[in-house]
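Residue numbers (the working numbering), protein chains in the order written: chain X, 40 to 290; chain W, 35 to 143; chain U, 14 to 617.
The C-beta atom is built at its ideal place from N, Cα and C for all residues, glycine as well.
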Amino acid sequence: MAELLDENVISEHITLPAPNNNEGGEDTPFKVSYGKTMMWFFLLSDAFTFTGFLIAYGAIRMSKTWWPDPNVVFAGMPFLHGVNVPLGLVSIMTTILILSSVFVVRAVIEGHRMNQKGVAFWLFLGILGGVAFLGCQAWEWSHLIHDGMTPFYNVYHAGPEGETIKLALAEKAKTPVSPGPPMFGGSFFGITGFHGLHVSIGVVMNIVALIKTLNGTYQRRGHYEMVEKFGLYWHFVDLVWVFVFLFFYLI
Amino acid sequence: MSSHLDDATYHKQVAAIWRATIIIAVVTVFEVGLALSHYFFFYHHPKAIINVFMVLATLMKAFYIIAEFMHLKYEYRSFIIILTLPLIFLVWLIIALSVEGTFWLRLIQ
Amino acid sequence: MVTSSTGEHALSMIGAGSHHKETFISKYIFSTDHKMIGKQFLYTGMAWAVIGGLFSVLFRVQLAWPDETFPFLEQIFSNWFDEGHMTPEAYYALVTMHGTIMVFFVLTASLSGTFANFLIPLQIGARDMASPIMNALSYWLFLLSSLIMLASIFLPTGMASAGWTIYPPLSILPQASSGSGMGMTLWLVSMVFFIASQLLAGINYISTVLNLRTKGMTMTRMPLTVWALFFTAIIGLLSFPVLFSAAVLLVFDKGLGTSFYLSDIFIGGKALGYSGGNAILFQHLFWFLGHPEVYIVVLPAMGIVSEILSLSARKPVFGYKAMILSLLGIVVLSFLVWAHHMFVTGMNPFLGSVFALFTLLIAVPSSVKVFNWLTTIWKGNIKMTVAAVFSLGFVSMFISGGLTGIWLGNATVDIQLHDTYFVIGHFHLVMGVAAFFGMFAGIYHWFPKMFGRFMNETLGYIHFFITFIGGYLIFWPMHYLGMSGVPRRYYDFNEFHAFSEYHDMNLLISVSAIVVFAAQFIFVINFFYSMKRGRKSTELNPWKVNTLEWTTPIIPGHGNWPGDLPTVYRWPYDYSKFEDGPDFIPQTVPLTEADIESDKKNLH
Ligand code: HEM
Ligand SMILES: [Cu+2]
């Protein structure tokens with residue numbers, strides 16, 4: 040006891056090798072490691088962030104009598120100049136992102152089998168998907184910006200029948216139009232931008248995981264939990280996209 | 035963690051993932067089809083009913099992403115509950131702001 | 014991988030410890046030890062509390078003596094005074110920053126930060142947080158956010174002045190006031206870091222409580238402090254993200270010219286380029302955080318008070334399960350009621366009545382808690398330590414302030430009372446003073462665990478009585494002011510015939526405020542003096558308490574328990590369990606036959 044009371048001995052620095060995940064003690068109530076628990080709760084909070092954004096957009100859109108038709112706005116296709124393919128590009132983007140998510144699940148499963156090559160292969164495909172998605176998004180953004188869309192100005196105006204017309208075309212055809220809500224651009228760029236930021240972070244995370252997989256770090260550690268945690272994040276990005284897709288492109 | 039997968043579970047898991055993928059793909063095609071059919075064929079009809087179906091379809095996709103891809107379906111029930119129950123707060127936020135949004139529309143009309 | 018030999022490992026590290034001495038920097042500054050991080054939160058919070066308190070004294074001086082000149086204040090705060098008078102802009106800026114500092118920096122970051130960090134691992138029997146690095150990062154982000162906010166105070170154009178609720182358009186348009194420019198921008202930047210810090214901290218607290226409990230520490234054997242801090246973390250985790258969204262959209266409006274929150278605005282007859290947004294949208298998003306936020310503030314204090322009342326009365330906490338369930342009820346309801354802050358904004362009246370209904374429901378779990386505190390001390394043999402009197406003070410304040418909440422929750426009554434001093438009185442009693450009392454109680458109680466010494470009791474009682482009486486003298490009269498219609502956030506009431514009548518009351522409030530502010534320095538001096546010179550703690554368990562933190566060495570090192578982690582056999586409230594038995598039975602004492610018999614009889 041006397042030794043315990045000596046401040047100096049006790050305050051000595053102890054380097055903890057890793058948190059004592061139920062060291063000698065109680066099971067976690069859920070049999071989920073602390074790392075995955077943390078990721079799950081982070082994602083839960085991020086779901087609240089995205090809902091905040093989406094419902095702000097939703098409330099504003101609901102308070103408007105008219106909103107541009109996404110089938111008209113999102114009809115551009117890379118390499119097909121002047122051809123209108125309603126929802127073409129975004130359908131491709133959705134497919135890419137979902138597939139990329141699937142690839143990462145495959146990597147996680149291979150991780151459970153300690154199959155280093157398999158993890159690397161599927162992770163690589165997943166990263167490719169993420170990059171392709173970002174490429175498409177960059178194209179779509181620059182296309183809209185090229186048309187004159189900004190966060191505070193909307194080039195898509197309402198025609199006499201309530202149809203959606205790009206201002207330049209309406210002027211050429213001398214169709215009388217009333218201005219479209221400027222918040223179209225603001226919410227679109229804001230929310231897809233925030234989602235794109237998440238995708239970019241996810242790609243970086245997956246690249247880190249890929250490098251460490253190739254280095255054999257996880258193999259030596261005896262488990263691929265890091266791939267699993269990053270994977271959770273990656274699926275979440277996919278999950279958010281499903282809703283962005285619904286509320287900006289479909290409805 | 036070190037309990038590595040045996041082959042049978044492995045094949046079962048892989049099969050489950052591809053099944054989920056196919057379901058999500060089909061639902062997405064269905065959604066895009068609904069949206070486009072409204073655009074091409076029923077342009078001057080209200081979109082509300084189609085919107086309801088698309089929302090339901092998206093919720094279904096979300097379910098498969100969370101349950102299969104994120105593997106939540108296979109966690110403990112209590113874990114599932116603790117993660118999904120807070121979503122009722124979001125539901126209430128969405129309801130309240132939707133009521134407000136439509137109310138603002140009524141105010142200007 | 015982690016093995017169950019970490020305990021031995023830690024022990025051997027203590028033996029080996031003499032080889033590498035820690036430097037001052039690694040021990041006190043870039044520490045990852047949860048106890049040191051807790052103390053860092055405490056010191057930072059104390060600094061903020063002094064600044065926030067000083068601001069309130071300044072604007073109370075303005076309200077009490079609007080016609081006097083204060084050349085000496087002008088010399089110190091030359092930015093905010095003009096010809097000896099405080100400028101109206103400075104008044105608004107001071108009110109804004111007072112609210113921001115107190116609510117976010119002191120009572121959110123510092124209250125949770127101190128006690129969650131310090132107590133969670135110690136009370137559940139863990140060596141540290143789930144991720145000590147993230148925990149340290151959370152403190153550093155908080156400090157960064159603090160420094161940014163501090164910098165904004167010295168801006169020549171003035172600090173943010175749109176109220177702590179930063180409603181647009183005031184907060185967006187730089188033309189609105191001088192603080193709406195750079196001051197507001199720094200406020201927003203600071204808040205983004207603050208939210209990041211809160212999320213890191215919250216995720217850590219939750220995972221620690223769920224995953225790192227020691228053997229035998231089931232969820233229903235956790236002390237109520239841990240339960241309260243756990244629920245606090247959950248509220249923060251779910252509500253701060255929405256403030257983040259709201260703030261990001263505000264930044265877009267401010268910087269990119271979008272109009273999420275703004276619609277046709279004219280300044281000097283000229284239209285600004287905004288159209289199509291809605292300012293009420295911001296209020297919804299803000300209060301989706303804002304109301305849960307008030308419970309983030311008060312829940313940790315509730316936990317601390319439940320613990321201290323029970324051990325001071327030497328009685329088990331009354332209705333342990335009911336306490337947990339009512340906390341849960343508060344968590345759930347706190348997310349459903351936010352729009353009761355917006356009854357007069359012209360929102361959909363039907364929606365308003367739904368919100369009023371949910372709001373009044375919160376009174377149920379709140380009263381369950383009050384009832385349980387009272388029954389816990391009922392017929393107890395209370396030891397009136399300083400911590401105990403502060404806990405009793407908390408209960409008193411919470412009752413007084415909570416009752417007026419029920420008035421405000423009625424939409425029809427609120428139309429009269431909204432934005433008056435009644436609201437100020439309500440929330441200062443229920444969350445301002447009450448949460449501070451919880452914090453003081455916690456500090457007086459756990460001081461020996463933090464520093465191995467006791468705080469001076471006499472100074473503690475003086476501190477309590479001045480603060481308690483002064484607190485009521487400040488905030489009780491505000492209810493009468495509010496009922497007479499005196500509005501909040503007004504710079505000079507003597508300009509209005511109707512309000513100048515209440516000048517005496519304002520004078521009383523201001524004088525009490527100055528006295529109470531001064532009395533806090535008794536605490537500050539006591540705190541730092543006792544840290545160095547206070548009576549040394551020589552017992553492991555000076556307060557005779559059951560919880561695990563008192564089984565550690567007097568000043569625990571990093572890793573908390575030199576040997577294996579303790580094993581828990583019982584709940585933490587076995588006080589005076591047997592007529593002729595010991596007065597308290599620590600959680601580490603194995604159950605006996607008699608225990609099992611007695612537990613069967615009174616199921617808790
Ligand atoms: C019985 C429980 C409670 C009810 C029914 C209640 C109700 C209300 C209502 C209706 C308002 C809005 C008044 C107005 O602005 O016109 C309000 C304001 C406020 N309440 Fe409560 N409240 C309760 C408990 C609490 C608690 C426990 C806290 C804090 C721990 C708290 C903190 C606040 C704050 C900070 C404000 C004012 C914020 C501002 O406008 O700056 N309330 N309360
Ligand atoms: Cu409230």
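Looking at Phe436 of chain U and ligand 2, is the gap between the Cβ and the nearest heavy atom below 7 Å? Mapped onto the third sequence, residue 436 of chain U falls at position 423. Reading the sequence as shown, one finds Val at residue 436 of chain U and not Phe. Checking every heavy atom of ligand 2 against the Cβ of Val436 of chain U, none is found closer than 7 Å.
Where Ile280 of chain U falls: helix, strand or coil (DSSP): Taking the first residue of the third sequence as 1, we reach residue 280 of chain U at position 267. The answer is strand: DSSP assigns Ile280 of chain U an E or B state.
Other residues of its chain near Ser611 of chain U: CB distance less than 8 Å, five sequence neighbours each side excluded: In the third sequence, the residue the question calls residue 611 of chain U occupies position 598. Hits under 8 Å: Lys590, Phe591.
In chain order, what residues of the same chain have a beta carbon less than 6 Å from the beta carbon of Lys382 of chain U, not counting five sequence neighbours either side? For the purposes of this step, residue 382 of chain U is identified with residue 369 of the third sequence, where counting begins at 1. Counting only Cβ-Cβ distances below 6 Å, and skipping sequence neighbours, we find Ser339.
Grouping DSSP H, G and I as helix and E and B as strand, with all else coil, what is Asp432 of chain U? Position 419 of the third sequence holds residue 432 of chain U. In this structure, DSSP gives Asp432 of chain U a state outside helix and strand, which the three-state scheme calls coil.
Inside the region 479-565 of chain U only - alpha helix (DSSP H) runs reaching at least 4 residues: Taking only runs of at least 4 residues, the alpha helix (DSSP H) segments lying wholly in the region 479-565 of chain U are 510-513, 516-546.
Residues bridged to Ile128 of chain W (per DSSP): As a first step, residue 128 of chain W is located in the second sequence; it is residue number 94 there, counting from the start. Per DSSP, Ile128 of chain W has no beta bridge partner at all.
Here's the rule I'm using: 16 or more other beta-carbon atoms within 10 Å means buried, otherwise exposed. How should Gly422 of chain U be labelled? What you label residue 422 of chain U is simply residue 409 of the third sequence in a count that begins at 1. It is buried - the Cβ of Gly422 of chain U has at least 16 other Cβ atoms within 10 Å.
Using beta carbons (cut-off 8 Å, strictly below), is Ile184 of chain X in contact with chain U? Your numbering for residue 184 of chain X matches position 145 in the first sequence. So, not an interface residue.
Quick test of the definition: if touching needs 3 or more C-beta pairs under 8 Å, does the region 209-225 of chain X touch the region 181-194 of chain X? yes
Within the present structure, is the beta-carbon of Val307 of chain U separated from the nearest heavy atom of ligand 2 by less than 7 Å? Start at 1 with the first residue of the third sequence, and residue 307 of chain U comes out as number 294. For Val307 of chain U, the shortest C-beta to heavy atom distance toward ligand 2 is below 7 Å.
Measuring only between beta-carbons, confirm whether Phe103 of chain W sits less than 8 Å from chain U. Numbered from 1 along the second sequence, position 69 holds the residue referred to as residue 103 of chain W. Output row for Phe103 of chain W: interface = no.
Can you tell me where the beta strand (DSSP E) holding Ile159 of chain X begins and where it ends? Your numbering for residue 159 of chain X matches position 120 in the first sequence. According to the sequence displayed, residue 159 of chain X carries Ala and not Ile. No beta strand (DSSP E) contains Ala159 of chain X, which is instead part of the alpha helix (DSSP H) from 155-186.
Could you work out which residue in U:Leu157, U:Gly249, U:Asp593, U:Gly465 is closest to Trp563 of chain U when comparing CA atoms only? The residue given as residue 563 of chain U occupies position 550 in the third sequence. Out of U:Leu157, U:Gly249, U:Asp593, U:Gly465, U:Gly465 has the C-alpha closest to the C-alpha of Trp563 of chain U.
Just curious, the alpha helix (DSSP H) that Thr231 of chain X is in, first and last residue? Translated into positions along the first sequence, residue 231 of chain X becomes position 192. Segment 222-254, the alpha helix (DSSP H) holding Thr231 of chain X.
Is Asn60 of chain X close to chain W? Criterion is C-beta to C-beta, closer than 8 Å. Sequence index remark: in the first sequence, residue 60 of chain X carries index 21 (1-based). Confidence is the limiting factor: at Asn60 of chain X the pLDDT is only 47, short of 50, which leaves the residue's position unreliable, though a coordinate-based value still follows. No - not a single Cβ of chain W is within 8 Å of the one on Asn60 of chain X.
Under 7 Å by beta carbon: chain U residues contacting Gly91 of chain X: Within the first sequence, the letter at position 52 stands for residue 91 of chain X. Simply Pro254, Val255, Ser258, Ala259, Leu298.
Chain W beta carbons: is any one of them nearer than 8 Å to that of Ile293 of chain U? Here residue 293 of chain U corresponds to residue number 280 of the third sequence, with the count starting at 1. Output row for Ile293 of chain U: interface = yes.
Report the residue from U:Ala401, U:Gly58, U:Ala400, U:Phe356 whose alpha carbon sits nearest the alpha carbon of Leu163 of chain U. If you number the third sequence from 1, residue 163 of chain U lands on position 150. Nearest option by C-alpha distance: U:Gly58.
In terms of residue numbering, what span does the beta strand (DSSP E) encompassing Ala376 of chain U cover? The sequence position of residue 376 of chain U within the third sequence is 363, counting from 1. Not the beta strand (DSSP E): Ala376 of chain U falls in the alpha helix (DSSP H), residues 376-390.
Any contact of the region 113-124 of chain X with the region 245-265 of chain U, i.e. 3+ C-beta pairs under 8 Å? no
Looking at ligand 2, does it come within less than 7 Å of His304 of chain U, judged from the CB to the closest heavy atom? The residue labelled residue 304 of chain U in the question sits at position 291 within the third sequence. Flag set: Cβ of His304 of chain U near ligand 2.
Tell me whether the region 446-456 of chain U and the region 506-522 of chain U touch, counting them as touching only if at least three CB pairs, one residue from each stretch, are closer than 8 Å. no
I'd like to know whether the C-beta atoms of Ile321 of chain U and Ala401 of chain U end up nearer to each other than 8 Å. On the third sequence, residue 321 of chain U is found 308 positions in, with the first residue counted as 1. On the third sequence, residue 401 of chain U is found 388 positions in, with the first residue counted as 1. Contact flag set, yes.
For Arg466 of chain U, which residues does DSSP report across the bridge? Numbered from 1 along the third sequence, position 453 holds the residue referred to as residue 466 of chain U. BP columns for Arg466 of chain U point to U:Lys549.
Is His618 of chain U near ligand 2, going by C-beta to nearest heavy atom under 7 Å? Because residue 618 of chain U is not part of the residues shown, which for chain U are 14 to 617, the question remains open.
Which bits of chain W does Asn361 of chain U rub up against, with CB to CB less than 8 Å? Residue numbering aside, residue 361 of chain U sits at position 348 when the third sequence is read from its first letter. Those within 8 Å of Asn361 of chain U in chain W are Val133, Glu134, Phe137.
Would the region 84-93 of chain W count as touching the region 116-124 of chain X if we require 3 or more Cβ pairs under 8 Å? no
Out of X:Leu83, X:Gly74, X:Leu126, X:Val143, state which residue places its alpha-carbon closest to the alpha-carbon of Phe74 of chain W. Position 40 of the second sequence, counted from the first residue, corresponds to residue 74 of chain W. When only C-alpha atoms are compared, the closest one is X:Leu126.
Chain W contact for Ile230 of chain X (CB, 8 Å cutoff): Mapped onto the first sequence, residue 230 of chain X falls at position 191. Ile230 of chain X does not count as touching chain W.
For a test of your reading of the model: does the CB of Val524 of chain U fall under 7 Å from any non-hydrogen atom of ligand 2? Yes or no. Counting from 1 along the third sequence, the entry for residue 524 of chain U is found at position 511. No, since every heavy atom of ligand 2 falls outside the 7 Å radius drawn around the Cβ of Val524 of chain U.
The region 88-101 of chain W in contact with the region 124-138 of chain W per 3-pair CB rule at 8 Å: Put simply, the region 88-101 of chain W does not touch the region 124-138 of chain W. Fewer than three CB pairs are less than 8 Å apart.
Tell me whether Val350 of chain U, by its Cβ, gets closer than 7 Å to a heavy atom of ligand 2. Counted from its first residue, the third sequence places residue 350 of chain U at position 337. Within the cutoff, so yes.
For Asp85 of chain X, which residues does DSSP report across the bridge? Residue numbering aside, residue 85 of chain X sits at position 46 when the first sequence is read from its first letter. The partner list for Asp85 of chain X (beta bridge, DSSP) is empty, contrary to what the question assumes.
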